[in-house]
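Have a look at the structure below, then the notes.
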């Protein structure tokens, strides 16, 4: 039987797995990343799924923590050819009457756009923009990269600072309440509600209200990875594979994590190959696979098994359509504001907050809305290298239920797919009338079931490995025993999107896990904590400094 | 002052470039490899097609690479490169419900790379043919007694070595000089139809052979290099085919890249090389499109197609008195073979072939060819393919090739679902407009399914989840290397073969007058799918010249 020996075995080569591997291998540890898919990167995928030469970022396209996530600086990713474009016009929401609501990276320009709908909302937006930026700088961003405190301590801690107190006020409110309290105009409310919720917050549920400021702040801080999202994973891979450092292995099928006397010793593959871990096994995949399938219930307490089994997948997944286009979109609304054709994210198909709410209600029932509404991007407008010369790509992402009425299997029905695809294109044409059928060269439809089939850890299309719910966040993500990366199995660590603080390529779980592991194994940290995090810790936001 | 410096700079991160890079790294050189595209791999690429959760290989499928010494030289199986050898090598199914099934008769050892023939299986294959044509079974039995091994050995020697030097015979040419070889001089001037008709009497065996030769980029009316005949007829029918790549052809890329990284080599994607820098007659580096300059202390190796090398990378280099003539010849290379429809259909239920009544194993073929035994039609159809396929206009019959790797590799499709790769012959990309190709591409699945149903009636639209059939237009846009959508960079026609590929002056992987510049490119001898011949053979010439590591000494090639 073939045996390999490493210090650390990382299960899963998504952003967090690669992040941990990069930090540890740069620290001189012998590391191997074992990935089931043939390509590492997970959601950092750029693929030619329509026509030759057309690159599609089939999962993640809006990179939203480039300005804060420590790995970019620590690992010098720019040196490894990972570069970003930061489009000025971040979000555009055109309406059928030719008007459009625009959010720019520049707050004043956003306010000018909002003022066309409501002067009061423009004023409020300016205020909350600065307030949310402060929340972000002081608390929310550093909080993404520090270990979570037990819930009670966290609550007590928050009450001790002014920002903490302000944020706790948001915490208990639902996104809808927050948006309605702040904004009066229907269209402004529509956009703000969508931006607050679409990454996974329920519009009418309190408890995670502190994420609304984060979502609205991040909505104007998205960046596009030059050459496609996969370039980020490529640069991480190259860091890991620097001479004498870590190894990557793809198309690997893991049978089990070897546990002896309550400690992880390595992993065994389906073909019998053994990878021994001298120090630890680090899993970046979902708790279900890590614990129930790979560790096995017999190695875990009943109580812990129950916790894992009670894990909630996300209430909605994504249905996406990727298209190869003959020409770039020309939005009807661009007649009034030429910037509209150069936005990064478009939100199309919603006109009132009720449209957004009805969408959520339809999802709950496993249904589609009458008009398909979604966000979309045309990366080639900003980075022509992602398509053949003069040609363009579009990626549309609709919130959609995994369980359609009649069962998830319904997503297999080619008719369902074709009809839904037509609906996507009809919405797009409503706003960008030049994109007639003949201008759409080819399409690629990805239903929630397709997400789940491609990546086993996106169960039921859960692209964050699990829902954002109050009992699945912070110290409870994935549960109170694992949220600081350690698990009931000695030398088994977790570091994926199902771990605090969550998904969406923030590198939070991976960065924190690298720190936890370095501390536990007395590995000298070659990296330095970013100043903004150190400052936040000093101020006592995350417990006694 | 260069922005970076390596001993060896490699242009192009397809498998040929990666192979050359690995051998140079093995010699202790620092290596920097520069790829224009988003991802290494060239034709060794795998994508989630035609729907997410399925896998498809948009450029190549056959795993002939198992025969490459790189497997052992770089322990590629430890780095994720594994093969599957389905027990049924190929099937040819006929509309009347009969079929020819060839079982795999070579067993490969992954540690040594050696192949052990299974004589009992060879005989089983002869018996299968006997059911169709007792006379042709006798011919195959004669092959099986020795000729097929002798010819196969000679063909492998030709493919895994640089072309013969002027005045030398290559091992296949040597067969022609041997009165007992079973081959005569006239064979090298025969068209495919003549060649297969010379050996086989039945149109079934002839049609099967001709369709397989189509997959080598040669049509019934073409004269092909003799070596290509020998590796196709009768080897394939006797079961000496390759395998498939576990998990997809892109695993070949990853294994080679990891081998390179683990030897200290560096690779760069999205790095568009604009120029090869030549000073005092010596290749000394490259310049990227973004202006970055990279120094090559020892050599520059390119794996790019020769047309681009001359027209772009060496556009500012004086190639001497014959330069203009060379450029003219290269610009005139033949490019009208090697274009195909090649794509994927995802479906619920495996095809149920009518011919399973004749032989239940026919649906288990690694390759399944479908067509009737009408060689006149096949000849006419492929000769005039260009005229026969237009938007709204398709030939009355197709000759499909099916490969469904999800049958033996669960990673290709979700549980219970399947994905097939289908092939038919096409023509150069520029012979239709983009709009026409899009229309043809939209129509292709319907025509493919209609044809498929003649042989497997359950392959209707009801069974289909999604389809995406690539045309030469797609392939051409994937990489500038695939001229006109050609999968072998340039076709392997007799005038562009061996010591004449791409032109005699460049056939030894060098351009006269430029020192330290090597071409590990498929436009030199030889490229056909993912075999790695050019990369390996180029390295052989480099090693001979510079007296480097010669791992081939003491082994077959």
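Protein chains in written order, with our numbering: chain A, 1 to 545; chain B, 546 to 1102. Using N, Cα and C, we set each Cβ at its ideal position, and we do this for glycine too.
In this structure, the beta-carbon distance from residue 884(B) to residue 979(B) does not fall below 8 Å. In this structure residue 70(A) is not in contact with residue 433(A), their Cβ atoms being roughly 44 Å apart against a cut-off of 8 Å. Residue pairing from DSSP places residue 661(B) in a beta bridge opposite 652(B). Membership of residue 871(B) in the alpha helix (DSSP H) is indicated by the continuous run 868 to 876. Think of a sphere of 7 Å around the beta carbon of residue 806(B): the chain A residues whose beta carbon falls inside it are 241, in chain order. Cβ proximity to chain A below 7 Å picks out 791, 792, 793, 795, 796 and 799 from the segment 779 to 802 of chain B. Contact of residue 594(B) with chain A by beta-carbon distance below 7 Å involves 49. Judged by DSSP secondary structure, residue 46(A) falls outside any beta strand (DSSP E); it is assigned neither H nor E. At a cut-off of 8 Å between beta-carbon atoms, residue 367(A) makes no contact with chain B. Residue-level contact check: residue 446(A) touches chain B, since one or more beta carbons of chain B fall below 8 Å from its beta carbon. DSSP, read as helix, strand or coil, puts residue 375(A) in strand. In this structure residue 654(B) is exposed. Its beta-carbon is surrounded by fewer than 16 other beta-carbon atoms within 10 angstroms. The contact set of residue 557(B) on chain A, defined by CB atoms closer than 9 Å, is empty, because the minimum CB distance reaches about 16 Å. For residue 176(A), the enclosing alpha helix (DSSP H) covers residues 175 to 182. Every alpha helix (DSSP H) stretch that sits fully inside the segment 551 to 613 of chain B and reaches 4 residues is listed by chain position as 560 to 571. At a cut-off of 8 Å, the C-beta of residue 55(A) has a neighbouring C-beta in chain B. In this structure, DSSP gives residue 94(A) an extended state, which the three-state scheme calls strand. Residue 479(A) is positioned such that its CB atom lies no closer than 8 Å to that of residue 495(A). Under the rule that a run must span 3 or more residues, the beta strand (DSSP E) segments found entirely inside the segment 871 to 940 of chain B read 885 to 892 and 912 to 915. Relative to residue 428(A), the option among 23(A), 398(A) and 190(A) whose CA is nearest is 398(A).
Note: residue 63(A) is bridge-paired with 223(A) in the DSSP secondary-structure output. Residue 560(B) is positioned such that its CB atom lies no closer than 8 Å to that of residue 847(B).
In the three-state reduction of the DSSP assignment, residue 634(B) falls in the strand class. The three-state secondary structure of residue 981(B), taken from DSSP, is helix.
Residue-level contact by beta carbon holds for residue 388(A) and chain B, with a gap shorter than 8 Å. Against chain A, the CB of residue 809(B) has a partner CB under 8 Å away; the residue lies at that interface. Considering only 650(B), 819(B) and 757(B), the residue with the shortest C-alpha distance to residue 835(B) is 819(B). At a C-beta separation below 7 Å, residue 251(A) has these neighbours in chain B: 625, 791, 792, 796 and 956. When 1006(B), 1074(B), 897(B) and 605(B) are compared, the shortest CA-CA separation from residue 642(B) is found for 897(B). DSSP places residue 458(A) in the coil class of the three-state scheme, outside both helix and strand. Considered as a whole, the segment 380 to 454 of chain A harbours 392 to 400 and 440 to 446 as its complete beta strand (DSSP E) runs of no fewer than 3 residues, in chain order. In the DSSP assignment, residue 838(B) forms a beta bridge with 832(B).
In the displayed model, residue 860(B) falls within coil according to three-state DSSP, outside both helix and strand. Along the segment 24 to 38 of chain A, the positions whose C-beta sits under 7 Å from a C-beta of chain B are 38, read in chain order. DSSP places residue 763(B) outside both helix and strand once states are collapsed to three, so it counts as coil. Listed in chain order, the non-local C-beta contacts of residue 879(B) below 8 Å within the same chain comprise 1035, 1036, 1038, 1040 and 1041, local neighbours out to five positions each way being set aside.
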